[in-house]
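Undergrad:
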Amino acid sequence: MMKECKYIKEIIEKGTVEWPYRFFHQGLEMGRERCFRELEKSGLVGRGGAAFPTSKKWGSVWDTENVVLICNADEGEPGTFKDRYIMENNPAFLLESMLLSAFIVNARALYIYIRGEYTQAISLMKKEIDQADVVLDAYREKTGVKLEVEVVVGQGAYVCGDETSLINSIEGVRPNSRIKPPYPTQKGLFDAPTIVNNVETLCNLSLIIRDGGDFFSSLGVEGSRGTKLISLSGKIKNPGVYEIEMGKVSLREIIEELGGGIKGDHELKFVIPGGISTQLFVENEIDVMVDYCSLKQAGSALGSGAIIVADETVNAVEMAKNAADFFSKETCGICFPCKEGNRQIHNMLNKIYVFEGKREYLKLIREISETTSRAARCGLGQSAGNLLVSAIEKIPGDFTYYLPEIDLDRDEVKK
Amino acid sequence: MITLHINSQPIKVEAGTTILEAAKKLHYRIPTLCYKEGLSIYGGCRLCVVEVKGRSNLPIACAEEVQEGMEVFTHSDLVLETRRNIFQLLIANHPFDCQLNCLTCLKSSSCELRKLAEEIGVGQLKYEALHKPWTMDTSSRSVVIETSKCISCGRCVRTCNEIQHGGILTMSERGLATKVDTFMAKGLGNVDCTNCGQCILACPTGAIHEVYHVNQVIQAINDPDTHVVIQTAPAVRVAIGEEFGAPLGMNLEKKIVTALRKMGADKVFDTNFTADLTIIEEGTEFINRINHQGVLPIITSCSPGWIKFAEHNYPDLLPNISTCKSPQQMFGTLAKTYYAEKEKLSPDKIVSVSIMPCTAKKYELARDELKDDVDYVLTTRELAKLIRAYGLEFMNLPDGEYDQPFGISTGAAAIFGVSGGVMEAALRTGYELISGKELEELEFVDIRGLKGIKEAVVDIDGEKIRVAVANGLENAVQMLKHKEKYHFIEIMTCPGGCIGGGGQPISDVDNILEERMTGIYATDQKREIRKSHKNPAIIKLYEEFLGEPNGEKAHRLLHTHYMKR
Ligand code: SF4
Ligand code: SF4
Ligand code: SF4
Ligand code: SF4
Ligand code: FES
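Line by line, the protein sequences give chains A and B. Following the numbering used here, the numbering of the first sequence begins with 1 at its first residue and continues without gaps. Following the numbering used here, the numbering of the second sequence begins with 416 at its first residue and continues without gaps.
And the structure:
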């Protein structure tokens, strides 16, 4: 039986053994240059979904004044709950990692943007910050900056997972994406250079400082260094948050060994490996290794690590319809292909679901999804069609059931 | 300089140039919809996508800046297909329905969607038409929003914010319900909207338009019991021709007169007459304030959008604003008093109609303190509608002359239609009244032109009078930051002044304001009398009826007051 790798999770669950805020103090002692060198060596990439090299992002504001650091805890994607897990189990560890990161990027302001529904996480983080005077004093002694740490409660828009939307939301304006460039690192919150990173990404900083970048990068595989928290959910015996070493475990192993296999007497039908913006895999595709590159090569993505497992009782059309409902609500409504594309897809799937679909719908859905992936303004729109199109392609039977008059020809759907 | 290739042709442009601008230099037009020159970039419609070698998704030309060595394709197969699909998606949410809205749409003759359909090559709906429910905001006296036609391109929102300092419109709701609305969905009539109508000009789809008065006017004309008098504003005559293919900027006042007469108007008068009258009243007010240490700077009051803007945003400045009614309202008053007496007509038989470049005039006529002087306002666009409705071959009509007694006007009145005109007219008169000398050089070039803020210092009898002119409310706000510097300020709500009014024809000609302006100044040039106080009909009006400028009767009839809102 495979054992869960517990690299981050150990700290999250047990706390820092020696003394609180130890990694933070260690970082202060090392100085920001040395910390940054360790980060570069580590090969850490952002854990929010975009997988952008963290050192590259931070390097771009290295010499800039007035940097703002935002910790993105707006975990809005269905099936993702790892950030919540961190905040609820060890808020001190997250705060410590945030402060350490703020120190490295030389931040003047530090925010944590937490999803509104996470009431417990919000109060825990607030409490932690209120008690952090001593640490903040140490920060001020070292840097001369009196750092304010502010908790911002999210307004419940999924698109705030997009950095620029999140920045707009903190500024108190309509949370839609901004045109890039300028990138937030050039002109972000109230025009200050701004770094936005996910909760899990920042937590990794503490480990990199503890063990050194070289050790961190010895974990995982090329392009996917370190470990990854996985939110495992769906028709599975043991849903929950797990940690894996990237590139060393297959999707099947995660499901069968960590998740304990499918619940009840059922068969696995498909797996969504990285949240509802990613292409699904059917049973014979899940021997793929779980890391950024392998999943990409297999035609999907790791996203933020939300693995959703479906058995044969799950209807792909219903699932697709729910995803379309979700995106229709969550599109920020600014760019036409995303807003109107989701309107159309939503309409078509809802019609299919009540047996009023038409033959050409499946082709149109694919076409819209392609247009949107090429032309939408932000990641939400660009990836909104991935799951639906893969469902149509890989589980055509579910769709033909609702479109009885159609003799579905896969080539036609693919066209 | 940066070198790149667009459709395999090399071009060198400055750093910071967008792909859209660079392509234009090579004479490629990339379709755009949410982009509008002079406004911030929105990046919403995505119709301007282009292919850039080495990039997997398609960047948008309106926002993406050129980079060294870039290879851009503006019309590759991939681009064309993507553009067609985006357009298909957008058009499926725009209502063409059995209410024949397309045929009667404000944009029926200038529809940007139609032009795009042609450019992009879309002939047939591909996706199912999914219309928004048919809702309208009719709370305003000037401007209607037909939400169902809105494609949420944000052009109105940006115009209102960036040009008019308004912040009246916003994108509300989210997801598929995203739409244009007013703050808290209160409705345009219940917020601080100035009724300027610049949002109408900005809208590509006819989702925003004026409150139409056409039908009421036709009814009044056809009613034998009413006596319909119509006044026409200075800026209308140089723009109406755009609707009928005339050379740009051509003054067609004589054809307007004939057209209105042929429709059955009882009298056709010229607002220019009361523009001259405004100069006498406002000029006298100015001189009095200078001589008696009154509140300075004095600020003009002819633009009703500005008045409402000031009532909301500058209550402290209300005493500075001239108490003169606008020329439209002065006219309305005189038509129902002086004219009625003269012609022995009962004032309530008179229906007073004005043809204006302006949507805010529709609001002005309904202000409590001005009520009943003017009954209907038609915009220039509505005049064109009316001309078509009567089946008149406008450009072939013979010339006609305005009726008396409100038909004679000066060149000074003609230039009321352009930013700086009221000031120039006032200076022509003020100079002579104060100094008693004849003004040789009539053209005050410093305050001419389309610049947002203009300034001049005029030497009148050794006294240095400092004046400033602003057009567009954002410019007005900027200028008012230094208001203490000036004695006399002209503010016009709309960019360019009334020639750029929210009721003017919607044009896709880049320099249309310049063309209209040229037409206005040419009119002034051609007038025999070019100073308001030399207008013989005005002199007679004071002798016969009003008495002294700023006198008791003039004050009662021609002046008004403002309120903090
Ligand atoms: S892709 Fe969707 S969510 Fe992103 S900017 Fe466009 S409309 Fe908004
Ligand atoms: S009429 Fe003028 S002030 Fe009113 S919403 Fe339109 S642009 Fe803004
Ligand atoms: S009302 Fe017109 S200008 Fe405003 S967003 Fe809608 S379509 Fe665009
Ligand atoms: S804006 Fe719409 S309704 Fe108006 S003419 Fe164009 S397509 Fe027709
Ligand atoms: S014109 Fe460029 S995105 Fe609309």
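Even glycine gets a Cβ: it sits at the ideal position worked out from N, Cα and C. Because the structure is a prediction, the values reported are computed rather than measured.
#1: Just to confirm before moving on: does the CB-CB distance between A/G333 and B/S567 stay below 8 Å?
#2: So if I threshold CB-CB distances at 9 Å, which residues from the region 562-575 of chain B count as touching chain A?
#3: I need the DSSP call for B/K946, collapsed to helix, strand or coil.
#4: Look at B/E839 and B/I823 and say whether their C-beta atoms are less than 8 Å apart.
#5: In chain A, which residues lie with their C-beta within 7 Å of the C-beta of B/A430?
#6: Can you round the beta-carbon distance between A/F36 and A/I86 to whole angstroms, since I take them to be within the 8 Å contact cut?
#7: Starting from B/Y542, find everything on chain A with Cβ-Cβ shorter than 7 Å and list it in chain order.
#8: Residues around ligand 5, please: the condition is that the C-beta lies closer than 6 Å to some non-hydrogen atom of it.
#9: Determine whether the beta carbon atoms of A/P184 and A/T201 lie at a separation below 8 Å.
#10: Of the residues A/L136, A/P396, A/S383, A/F215, which one's Cα is nearest the Cα of A/N315?
#11: Just to check, is the beta-carbon of B/I1004 closer than 7 Å to a non-hydrogen atom of ligand 2?
#12: Kindly say whether B/A476, judged by its beta-carbon, lies nearer than 8 Å to any beta-carbon of chain A.
#13: Whole angstroms is fine: what's the gap from A/D411's alpha carbon to A/F355's?
#14: For the region 376-399 of chain A, which residues have a beta carbon sitting closer than 9 Å to at least one beta carbon of chain B?
#15: In angstroms with no decimal places, state the Cα-to-Cα distance between A/K269 and A/I276.
#16: Can you round the beta-carbon distance between B/S737 and B/I702 to whole angstroms, since I take them to be within the 8 Å contact cut?
#17: Using a Cβ cut-off of 8 Å (strictly closer), state whether B/V464 contacts chain A.
#18: In angstroms, rounded to a whole number, what distance separates the CA positions of A/K415 and A/F23?
#19: How big is the Cα-Cα spacing for B/K547 and B/T593?
#20: For my contact list, B/C614 and B/C571 are in at a C-beta cut-off of 8 Å; report their separation, rounded to the angstrom.
#21: Among the candidates A/T64, A/G116, A/L147, A/K228, whose CA atom is the shortest distance from the CA of A/D191?
#22: Any heavy atom of ligand 3 inside 7 Å of the beta-carbon of B/S567?
#23: How is A/P91 classed by DSSP in three states: helix, strand or coil?
#24: With 9 Å as the limit, tell me which residues of the region 712-723 of chain B have their beta carbon closer than that to any beta carbon of chain A; keep them in chain order.
#25: Mapping DSSP to helix, strand and coil, what is B/M745?
#26: Smallest Cα separation from B/Y936: which of B/N472, B/A827, B/G431?
#27: What residues in the region 489-509 of chain B have a beta carbon less than 7 Å from any beta carbon of chain A?
#28: Taking Cβ-Cβ distances below 9 Å as the criterion, which residues of the region 579-605 of chain B are in contact with chain A?
#29: CB of B/I456 to nearest heavy atom of ligand 3: below 7 Å?
#30: Run through the DSSP bridge pairs and tell me what B/E870 is partnered with.
#31: How many angstroms separate the CA atom of B/G934 from the CA atom of B/G656?
#32: Give the DSSP-derived three-state secondary structure of A/S231 in the structure shown.
#33: DSSP has B/C739 in a bridge; who is on the other side?
#34: For A/P337, return the contacting residues in chain E, with the cut-off set at a CB-CB distance below 7 Å.
#35: Would you give the residue range spanned by the alpha helix (DSSP H) that B/G720 belongs to?
#36: I'd like the list of long-range same chain contacts for B/Q893, defined as Cβ closer than 7 Å, with 5 residues on each side in sequence excluded.
TA: Concretely, from the data shown:
#1: In this structure, B/S567 lies closer than 8 Å to A/G333 by Cβ.
#2: Using a CB distance below 9 Å, the part of the region 562-575 of chain B facing chain A consists of I566, S567, C568, G569, ordered along the chain.
#3: Here B/K946 sits in coil by DSSP.
#4: No. Outside cutoff.
#5: Result: empty, since nearest Cβ-Cβ is about 13 Å, beyond 7 Å.
#6: So it is not a contact: roughly 23 Å between Cβ atoms.
#7: By Cβ distance, chain A contributes Q344, L364.
#8: That query returns the following residues: B/T447, B/L448, B/C449, B/Y450, B/G458, B/G459, B/C460, B/R461, B/L462, B/C463, B/I475, B/C477.
#9: Not closer than 8 Å, so no.
#10: Ranking the options by Cα distance to A/N315, first place goes to A/P396.
#11: This structure does not reach residue 1004 of chain B, given that chain B is present from 416 up to 980, and the question cannot be answered.
#12: It does not: the Cβ of B/A476 has no partner Cβ on chain A nearer than 8 Å.
#13: Unreliable placement is indicated for A/D411, whose pLDDT of 48 sits below 50; the coordinate value is still reported in the next sentence. The alpha-carbon atoms of A/D411 and A/F355 are separated by roughly 22 Å.
#14: Residues A376, R377, Q382.
#15: Going by the C-alpha atoms only, they are around 16 Å apart.
#16: With a Cβ gap of about 12 Å, B/S737 and B/I702 do not count as contacting.
#17: Yes, contact with chain A.
#18: Its pLDDT being 43, under 50, A/K415 is placed unreliably in this model, and the value from its coordinates should be taken loosely. Rounded to whole angstroms, A/K415 to A/F23 spans 54 Å at the Cα level.
#19: Each residue's Cα considered, the two are about 11 Å apart.
#20: About 4 Å; that satisfies the 8 Å criterion.
#21: Per the Cα distances, A/T64.
#22: Yes.
#23: Under the three-state reduction of DSSP, A/P91 is assigned to helix.
#24: If the cut-off is 9 Å between Cβ atoms, the region 712-723 of chain B has nothing near chain A.
#25: In this structure, DSSP gives B/M745 a helical state, which the three-state scheme calls helix.
#26: Among B/N472, B/A827, B/G431, the Cα nearest to that of B/Y936 is on B/A827.
#27: Taking 7 Å as the cut-off between beta carbons, the residues of the region 489-509 of chain B near chain A are T497, N500, I501, L504, L505, A507, N508, in sequence order.
#28: For the region 579-605 of chain B, which is checked against every Cβ of chain A, the residues closer than 9 Å are T585, M586, S587, E588, R589, G590, L591, A592, T593, K594.
#29: Ligand 3 never approaches B/I456 closely enough for any of its heavy atoms to be under 7 Å from the residue's Cβ.
#30: Paired residues: B/A883.
#31: Cα to Cα, B/G934 sits roughly 11 Å from B/G656.
#32: A/S231: strand per DSSP, three-state reduction.
#33: DSSP lists B/H974 as partners of B/C739.
#34: Among the chains of the structure shown, chain E does not appear; the protein chains present are A and B.
#35: Looking at the DSSP string, the run of the alpha helix (DSSP H) that includes B/G720 is 719-728.
#36: The beta carbon of B/Q893 is closer than 7 Å to those of I868 in its chain, skipping five residues each way along the sequence.
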